[in-house]
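Asks:
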Amino acid sequence: MNKQYLLLLLPLLLSACEQPKEPISPPRPALVMKVGAHTQSESDLVLVGEVKSRYESNVGFRIAGKITARLVDVGAQVKKGQVLATIDANDANLSMQAANADVQAAEANYALAKAELDRQRLLFDKQFISKSALDLREAEFKTSVARLKQVKSQSAVTGNQSNYTKLVADRDGIIAQITAEPGQVVAAGQTVAQIVDYQHIEVLIAVPESRMAALQVGQVAQVKLWANIEKTYQGKVREIAPAANAATRAFDVRIAVLDADQQLKIGMTAGVALGGSETQAIVVPSTALTQDHGQHQVWVIDTQGVASPRTVTSGMFTEHGVEITQGLQAGEMIAVAGVHTLVKGQKVIPQLTSPNMAQATVEGVH
Numbered sequence: 000m001n002k003q004y005l006l007l008l009l010p011l012l013l014s015a016c017e018q019p020k021e022p023i024s025p026p027r028p029a030l031v032m033k034v035g036a037h038t039q040s041e042s043d044l045v046l047v048g049e050v051k052s053r054y055e056s057n058v059g060f061r062i063a064g065k066i067t068a069r070l071v072d073v074g075a076q077v078k079k080g081q082v083l084a085t086i087d088a089n090d091a092n093l094s095m096q097a098a099n100a101d102v103q104a105a106e107a108n109y110a111l112a113k114a115e116l117d118r119q120r121l122l123f124d125k126q127f128i129s130k131s132a133l134d135l136r137e138a139e140f141k142t143s144v145a146r147l148k149q150v151k152s153q154s155a156v157t158g159n160q161s162n163y164t165k166l167v168a169d170r171d172g173i174i175a176q177i178t179a180e181p182g183q184v185v186a187a188g189q190t191v192a193q194i195v196d197y198q199h200i201e202v203l204i205a206v207p208e209s210r211m212a213a214l215q216v217g218q219v220a221q222v223k224l225w226a227n228i229e230k231t232y233q234g235k236v237r238e239i240a241p242a243a244n245a246a247t248r249a250f251d252v253r254i255a256v257l258d259a260d261q262q263l264k265i266g267m268t269a270g271v272a273l274g275g276s277e278t279q280a281i282v283v284p285s286t287a288l289t290q291d292h293g294q295h296q297v298w299v300i301d302t303q304g305v306a307s308p309r310t311v312t313s314g315m316f317t318e319h320g321v322e323i324t325q326g327l328q329a330g331e332m333i334a335v336a337g338v339h340t341l342v343k344g345q346k347v348i349p350q351l352t353s354p355n356m357a358q359a360t361v362e363g364v365h
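So in numbering that gives the first Met the number 0, spot 338 of the sequence shown is number 337, and the numbers just go up one at a time.
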C-alpha cells in the first residue's frame with residue numbers, strides 16, 4: 000500500500016523540482032558609435048598680460064649734481080643723442096681747467112727733461128761726464144714721460160665728467176616717465192627719465208608650469224587689447240624665462256607683437272591666446288563612460304551585437320568628450336547611451352549615431 004502511494008507521489012515530486020526556464024529577452028536597440036582616432040587640438044591657452052616695450056631704458060646722470068634744466072616732457076619723442084636735461088657744470092668745468100693746467104705743467108717738465116738729456120748725451124760722447132750722470136738724466140726724462148701720460152689720462156677723465164653734465168638719450172623713443180625736476184640734487188646713476196622704444200612692442204605674460212612643455216620660441220600667438228577686443232594682433236613667442244618667477248611661480252614669457260600700431264600703449268592690459276598642439280586621440284562622449292569599483296568602463300559591442308564591459312583609462316575631459324588613453328582601439332563599436340542598463344552578454348541592435356559622430360555600419364548583426 001505504501002509503495003503504491005509513493006509511486007503516485009513521484010511524478011508530482013519530479014514536476015515540483017523542475018525550474019521554469021526564463022524566456023530569452025529579445026535584442027534591444029542601443030545607440031552606438033564606432034571609435035575613430037582623429038586629430039584633437041588642445042584648447043587655446045588664454046592669458047592676461049601687460050603691454051611693454053622690449054627696450055625700456057632708465058637713464059640718469061653719471062655724476063652727481065644739481066639739475067639746472069629739463070628739456071623734455073612726458074610723451075615727447077626723442078632721438079638718440081638728444082639732450083634731455085643738464086646739471087650745474089661749474090664744478091666740472093673747474094676740475095677740467097685744473098686738469099688742463101696739470102697737463103701744461105707736465106708738458107713743460109717733459110720738454111725740459113728732454114733738452115737736458117740731449118745735452119748730457121753730447122757731453123757723455125765727449126767724455127766730459129760719467130755714465131752715472133747720464134743715467135740720472137735718462138731716469139728724470141722717463142719720469143717726465145710717465146707723468147705726462149698720467150695727467151693726460153686724468154684730464155681725459157675730467158673732460159668726460161664735464162660732458163656728463165648733459166643727459167642725452169641713448170636710443171630713439173618716447174619719454175614715458177620723468178622722476179626728477181630742475182633744482183633737485185641727484186646722485187650718480189639715479190633715474191631721471193625713462194625712454195620707451197615703441198618700435199618693438201611686446202606683451203609680458205606669466206605661463207603656468209603645466210603648459211610650458213608645449214611652449215617654444217617662435218610659436219604663433221594672437222593678442223587682443225581689453226580696450227579694443229574687436230581687433231586681433233599677430234604675435235609670436237620671443238623669449239621664455241629659463242626659471243620660474245619667485246613671486247608667481249610661473250614662467251615669464253614675452254610675446255612680440257608683429258603688427259603693432261598706435262593703439263598699443265605701454266601698461267595696457269592684453270589677452271594672449273596661445274594655440275595648443277595637435278595630437279591623435281580617441282575621444283568618446285561622456286555618456287559612454289561608466290564606473291565599476293572605481294575604474295572607468297565602456298560597453299563594447301562586438302560584430303554579433305553582444306555587449307560586454309571593458310576597463311579603460313581616461314584622460315582629459317573636454318567639451319568634445321573624454322579622451323581614452325588605454326583600452327580602446329580605433330574601429331571598435333561602443334554604446335553611448337543607456338550604458339547603466341546593459342548587462343554583460345546582452346544582445347543589442349546597434350543604432351548608429353549621427354554622421355558627425357560615426358560613419359560606419361555593423362557587420363554580421365541581424
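Glycine residues also receive a C-beta, built at the ideal position from the N, C-alpha and C atoms.
State the DSSP-derived secondary structure class of Y232, mapped to helix, strand or coil.
Replies: strand
Asks: To the nearest angstrom, report how far apart Y163 and G182 are at their CA atoms.
Replies: Roughly 17 Å between the two C-alpha positions.
Asks: Do you know offhand how far V73's Cα is from R237's?
Replies: 29 Å
Asks: Comparing alpha-carbon positions, which option in S129, V305, A287 and I200 lies nearest K343?
Replies: V305
Asks: If F140 and K113 are in contact, beta carbons under 8 Å, what's the gap, nearest whole angstrom?
Replies: 6 Å
Asks: Are the Cβ atoms of Y232 and V219 separated by less than 7 Å?
Replies: No, the Cβ-Cβ distance between Y232 and V219 is not below 7 Å.
Asks: By a C-beta neighbour count over all protein chains shown, 10 Å radius and 16 as the cutoff for buried, is V256 buried or exposed?
Replies: buried
Asks: What does the alpha-carbon distance come out to for the pair I228 and Y197?
Replies: C-alpha separation (whole angstroms): 21 Å.
Asks: Under a Cβ-count criterion, where at least 16 other Cβ atoms within 10 Å of its own Cβ denotes burial, should W225 be classed as buried or exposed?
Replies: exposed
Asks: Going by beta-carbon coordinates alone, are V206 and A249 separated by less than 7 Å?
Replies: yes
Asks: Could you tell me the alpha carbon to alpha carbon distance between L203 and P241, rounded to whole angstroms?
Replies: 15 Å
Asks: Looking at the secondary structure, which residues open and close the beta strand (DSSP E) in which D251 lies?
Replies: Bounds of the beta strand (DSSP E) holding D251 are F250 to V256.
Asks: For R118, name the three-state secondary structure that DSSP assigns.
Replies: helix
Asks: Run through DSSP, which three-state label would V216 get?
Replies: Coil, per DSSP.
Asks: Please classify R120 as buried or exposed, where buried requires at least 16 neighbouring CB atoms within 10 angstroms.
Replies: exposed
Asks: Would you kindly work out how many angstroms separate the C-alpha atoms of V216 and A272, rounded to a whole number?
Replies: 15 Å
Asks: How is G158 classed by DSSP in three states: helix, strand or coil?
Replies: helix
Asks: With distance defined between alpha-carbon atoms, name the residue in L122, I177 and Y109 nearest to V144.
Replies: If we check each option's Cα against that of V144, Y109 comes out closest.
Asks: Per DSSP, which residues does T310 bridge with? Please list them.
Replies: Q296
Asks: At a threshold of 6 Å, does S285 count as lining the ligand HEM (C-beta to nearest heavy atom)?
Replies: Because no ligand of any kind appears in the structure shown, any question about the ligand HEM cannot be addressed here.
Asks: Could you give the C-beta distance for V335 and V47, rounded to a whole number, given that I count them as a contact under 8 Å?
Replies: No, V335 and V47 are not in contact; Cβ-Cβ is about 38 Å, not under 8 Å.
Asks: Inspect the CB distances between the segment 279-290 and the segment 75-83 and report whether three or more fall short of 8 Å.
Replies: In short, these stretches do not touch, since the Cβ pair count stays below three.
Asks: Could you name the residues of the same chain whose beta carbon sits closer than 6 Å to that of G64, not counting the 5 residues immediately before and after it, in chain order?
Replies: I86 and D87
Asks: For T157, count neighbouring Cβ atoms within 10 angstroms of its own Cβ and tell me buried if that reaches 16, exposed if not.
Replies: buried
Asks: Return the residue from the list V299, G326 and Q153 that minimises the CA-CA distance to A97.
Replies: Q153
Asks: Given V195, which residues of its chain have a CB within under 7 Å of its CB, disregarding the five upstream and five downstream residues?
Replies: S52, E55, G172, I173, A175 and I265
Asks: Can you check DSSP and say which residues form a bridge with E106?
Replies: BP columns for E106 are empty, so no partner.
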